[in-house]
Amino acid sequence: MRKSPEDFSRKLSRVPVCSLLIVVFIVALVACSGKKAEPPEASGHADPEKGSVQFNSASLPADSGPLPSVDASRAWKYTKEVTAFGARPVGSENHKKLEAYIHAHLKGIDVQDDDFVADTVEGKFPIHNIIAKFPGTKDGIIIIAGHYDTNYPFRNNGYVGANDGGSSTGLLLELAEQLRKEKPEGYTVWLLWTDGEEAMKDWTSTDSVYGTRHLAKAWEQDGTLKKIKAFIVEDMIGDADLNIDRDQSSAPWLEPVIYEAAKRLGEQSHFFHRELIVEDDHTPFVQLGVACADLIDFDYGYGNVFWHTPQDTMDKLSPRSLQIAGNVILETVSILNAMPAVPPR
Ligand code: 1BN
Ligand code: ZN
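Heads up: the sequence shown begins at 199 in the working numbering, then just goes up one per residue.
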């Protein structure tokens with residue numbers, strides 16, 4: 199029997215922040231269900247607990263127009279160049295070089311810098327979120343976000359974060375090229391390179407996601423938040439063995455839209471075999487009621503062994519994975535644009 203997301207969430211409390219407990223959590227989740235979690239259920243019914251609406255593919259707009267085709271080799275080149283900077287913790291020279299590299303690739307695009315100083319457990323550090331804006335024709339904004347910083351505690355151990363930080367940055371740069379070429383026909387799209395996603399010491403709600411916590415607050419105050427139709431995070435999507443997890447804190451209506459986009463591209467086998475609750479750059483927006491999705495492959499090497507280790511290097515990644523993630527994100531944007539209305543969270 200299939201299990202609904204509610205069945206899982208009744209059994210499970212919020213995942214602890216350390217990775218070991220997360221692994222335990224995932225194992226427990228699979229054990230509870232007696233089998234691997236299924237892709238989003240097609241129901242088309244109102245969800246009484248969350249007050250939201252779930253979609254089956256029949257209730258989504260028909261497939262129309264050409265499918266996106268992200269340039270895998272260019273996304274790969276960007277990821278390789280970003281990774282070649284080495285460790286890129288906040289406040290470092292490499293971080294500054296990467297900021298300049300991102301800006302150089304966004305010439306001619308409307309770019310907004312969100313700069314501030316974060317008071318962290320390791321002292322005060324400059325944080326620089328970078329936002330590239332692609333105006334659309336419809337009222338509302340879709341945000342696609344990924345982080346470019348690497349972990350401060352790993353600043354001197356040879357860590358380069360090819361997948362964790364590198365792939366997200368490289369894919370966003372390729373998405374910028376796609377959007378530069380083909381202007382959004384629906385909602386405005388903002389690409390967001392987030393900073394200070396990683397913990398300065400140990401991941402807690404106050405030692406993580408410095409950049410998006412700042413933006414969520416600022417956009418709540420200036421009214422931007424109300425215009426956001428979807429906030430999609432991509433993280434660790436370069437893994438050659440791509441398995442994007444289904445994050446239970448993401449909006450229950452948005453993940454089926456993403457799954458439908460993956461199906462239209464014939465890439466659904468890479469999506470949502472496993473469910474977990476993950477804290478990431480979307481969390482501050484989830485907390486403020488924005489419809490979010492975190493596209494993360496949190497199974498990087500058997501048992502996630504390469505995550506946050508010096509083994510997170512380019513040889514574990516594949517251009518195809520970047521392409522799959524990029525195409526699915528762009529097709530998701532197309533489906534959202536064709537929907538008569540996007541539900542609130
Ligand atoms: C993802 C990549 N994250 C950090 N680097 C977020 C995260 C933190 C995911 C703790 C799981 C546990
Ligand atoms: Zn990380």
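Just so you know, even glycine gets a beta-carbon here, dropped at the ideal spot from N, CA and C.
Integer Cβ distance of residue i from residue j, believed to fall under 8 Å
i	j	result
K427	A489	7 Å
L373	L389	6 Å
L369	A523	6 Å
D347	G363	6 Å
A360	G436	7 Å
V387	I325	So it is not a contact: roughly 23 Å between Cβ atoms.
E448	A491	Correcting the residue type first, residue 448 is Ser in the shown sequence and not Glu. Yes, they are in contact, since the Cβ atoms of S448 and A491 sit about 4 Å apart, within 8 Å.
K399	E320	7 Å
V288	Y350	6 Å
F469	I442	5 Å
Y162	M537	Past the edges of the chain, shown from 199 to 543, lies residue 162, and the structure says nothing about it.
T281	V407	Not really, about 22 Å apart at Cβ, beyond 8 Å.
R149	I307	As shown, the chain starts at 199 and ends at 543. That puts residue 149 outside it, with no answer to give.
V268	Q376	6 Å
Where the beta strand (DSSP E) containing residue i begins and where it ends
i	result
H303	No beta strand (DSSP E) holds H303; the alpha helix (DSSP H) holding it covers E291 to H303.
A260	Note, A260: premise wrong, no beta strand (DSSP E); not H, not E.
E432	I426 to D433
Host alpha helix (DSSP H) of residue i (start-end)
i	result
Y408	Y408 to D420
V280	A270 to A282
N327	Element bounds for N327: not the alpha helix (DSSP H) but the beta strand (DSSP E), G321 to F332.
L486	Per DSSP, L486 belongs to no alpha helix (DSSP H) and is neither H nor E.
L389	Premise fails: L389 lies in the beta strand (DSSP E), Y385 to T392, not in any alpha helix (DSSP H).
Q376	S366 to K379
Selection from the options that minimises the alpha carbon distance to residue i
i	options	result
I494	L452, K305 and E477	E477
H471	E291, D445 and D420	D445
E291	D479, E383, R353 and K275	R353
E297	L371, G384, L258 and R272	L371
T422	V268, L486, T318 and G263	L486
E432	G344, E465, E418 and P333	G344
V309	F332, N535 and D317	F332
W274	G384, P541 and L515	L515
S366	Q466, E418 and D393	D393
Y299	D317, T318, T277 and D312	T277
V455	I339, E529, S271 and K305	E529
L534	R411, A459, H480 and E279	A459
I527	T404, I340, W401 and Y357	I340
A256	I307, R462 and F469	R462
A316	S519, E395 and R272	E395
T546	K379, M537, S267 and T402	The requested residue 546 is not part of the displayed model; the chain covers only 199 to 543.
S519	A270, G501 and E380	A270
P382	D311, P266, E418 and H303	P266
V484	K379, P542 and E279	P542
F496	E473, T511 and M512	E473
D405	F323, L452 and W417	F323
N355	H506, E375 and G409	H506
D311	R272, T335 and G409	G409
Helix, strand or coil at residue i [DSSP, three-state]
i	result
A240	Reliability fails at A240, whose pLDDT of 32 lies under 50, so the model's placement of it is uncertain and the value that follows must be treated cautiously. In the structure shown, A240 sits in coil (DSSP, three-state: anything other than H, G, I, E or B).
R543	coil
L265	coil
Q466	helix
F504	coil
L440	coil
G232	Low confidence applies to G232: its pLDDT is 34, below 50, so where it sits in the model is not reliable, and the reading given next is rough at best. Three-state result, G232: coil.
R472	strand
V288	coil
G338	strand
A397	coil
G344	strand
D405	coil
T318	strand
N535	helix
I494	strand
D513	helix
Q446	coil
V358	coil
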